[in-house]
Amino acid sequence: MTFGIDVLDAALPRGVPRNSFIILCGDGGTGKSVFLVNIAYTFLKRGEQVIYVALDDGPHSIAALFKTFRIDIDKYISERLFGIIDAFSFRLGPLKKPHPSVIREVNPKNLDQLVHTINDVIDEWKLVNKGLLIIDSLNEIFFQTEMASAFEFVKTIRAIAAKARNILTISSLHTPTQTYQEIAKTLEYMVDGFIELRYEPRLMEIGIPLKQYIIRKMRGVPHHASWVPYVIAEDGIKMADIKKVKELMESKVESEKSK
Ligand SMILES: Nc1ncnc2c1ncn2[C@@H]1O[C@H](COP(=O)(O)OP(=O)(O)OP(=O)(O)O)[C@@H](O)[C@H]1O
Ligand SMILES: [Mg+2]
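In the numbering used here, the protein residues as written are 5 to 263.
And the structure:
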């Protein structure tokens, strides 16, 4: 099962097993949601359903993100291939605007209810041995509830979606603080796949935000374990120009030597 994104597939020549729970982890703005949206598109194009548990943003913003990549998400919504479990809009009260993608609304403070909702929607949509479940992001879960319950949530979703029903499940996690970096370390052991996104630290020092990812772990398949630079363009996520990256790195090394 490949992701259909060249820059990611290059490091995973055989793709990933469907029964995987994968975490996309990293700094804010590195493109976790962009990766999720583009992976979702691969599934939608193949005619597979995608359920998006939206915790960080409302359905309007998520649909807009698809549209910035010229993905006709409205078509997939009307075909019932794409749906959102809206765990964001409870905050909006009377400001909430309906969106056709929303299958259910939940308040993530009640984790049991969130788990039941995900389980019910998976059943209603008859997702077994196919489809994609996205959770964007786990931060809200860790923020809203006790640490132990949040880890339990991850274990439960992995068990009921990835393992029991063979549904590829991908969650994002941003790591702004030491606490979240520690959470990420613990999660790395619990899940099947772990992909880290970051800005190359040495280039960042000179103000160049080069994005790169590394596959830390992917159970059951071979993977390359080195940092891969990428750029987010209007038509998706692309491999960064390696020659340019090398030149930038060399100029950084030169400037360090001359100090
Ligand atoms: N269509 C597009 N073309 C080019 N760049 C884009 C496009 N859409 C988004 N981006 C860029 O992608 C970057 C990453 O956005 P994204 O929302 O995926 O980050 P994130 O890792 O999910 O962040 P957060 O942790 O805050 O949720 C943004 O800085 C944005 O400028
Ligand atoms: Mg995001």
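Ideal Cβ positions, reconstructed from N, Cα and C, are used throughout, including at glycine.
In this text the structure is predicted, and so the values were computed from the model without any measurement.
- Per DSSP, Lys221 is one residue of the beta strand (DSSP E) stretching across Lys215 to Met222.
- Around ligand 1, the residues selected by a Cβ distance under 5 Å to any of its heavy atoms are Gly32, Gly33, Thr34, Gly35, Lys36, Ser37, Val38, Thr72, His178, Ile236 and Glu238, following chain order.
- Note on Ala67: 16 or more other CB atoms within 10 angstroms of its CB, so buried under the neighbour-count rule.
- Look at the beta carbons and you see the region 7 to 23 not touching the region 101 to 117: under three pairs across the two are nearer than 8 Å.
- Per DSSP, Pro233 is one residue of the beta strand (DSSP E) stretching across Val232 to Ala237.
- Pro21 is positioned such that its CB atom lies closer than 7 Å to that of Gly224.
- Residue environment: Tyr193 is assigned as exposed (fewer than 16 neighbouring CB atoms within 10 Å of its CB, all protein chains considered).
- In this structure, the alpha-carbon of Glu238 lies about 11 Å from that of Asn42.
- Residues Pro104 and Ser105 of the same chain have their beta carbon placed closer than 6 Å to that of Ile81, with the five preceding and five following residues left out of the count.
- Nearest neighbour of Asp124 by Cα position, chosen from Lys159, Ile164 and Met151, turns out to be Ile164.
- Distances from the CA of Lys256 to each of Tyr217, Ala244, Ile89 and Met208 were compared; the closest alpha carbon is that of Met208.
- The criterion of a C-beta distance shorter than 7 Å is satisfied by Phe92 and Ala58.
- Under the 8 Å Cβ criterion, the region 196 to 203 counts as touching the region 217 to 235, having at least three qualifying pairs.
- The C-beta distance from Ser175 to Ser37 rounds to 12 Å, too long to fall under 8 Å, and the pair is not in contact.
- For Tyr184 and Lys71, the gap between their C-alpha atoms comes out near 30 Å.
- Apart from sequence neighbours up to five positions away, the residues of its chain that approach Glu52 with a beta-carbon distance below 8 Å are Leu85, Lys134, Gly135 and Leu136, ordered along the chain.
- Shown here for Ala188: same chain residues with a beta carbon closer than 7 Å to its own, the five before and five after excluded, namely Cys29, Leu177 and Thr179 in chain order.
- With 16 or more other CB atoms across the displayed protein chains lying within 10 angstroms of its CB, Phe39 is buried.
- Restricted to the region 57 to 94, the alpha helix (DSSP H) segments that are unbroken, complete and at least 4 residues in length are 63 to 72 and 77 to 82, listed in chain order.
- For Phe198, no alpha helix (DSSP H) encloses it; the enclosing beta strand (DSSP E) starts and ends at Gly197 to Tyr203.
- The C-beta distance from Ile77 to Ile55 rounds to 14 Å, too long to fall under 8 Å, and the pair is not in contact.
- Looking at the DSSP output, Ser176 bridges to Leu28.
- Rounded to whole angstroms, Asn170 and Glu260 show a C-alpha spacing of 50 Å.
- DSSP, reduced to helix, strand and coil, places Met243 within a strand of the structure shown.
- In this structure Gly35 is buried. Its beta-carbon is surrounded by 16 or more other beta-carbon atoms within 10 angstroms.
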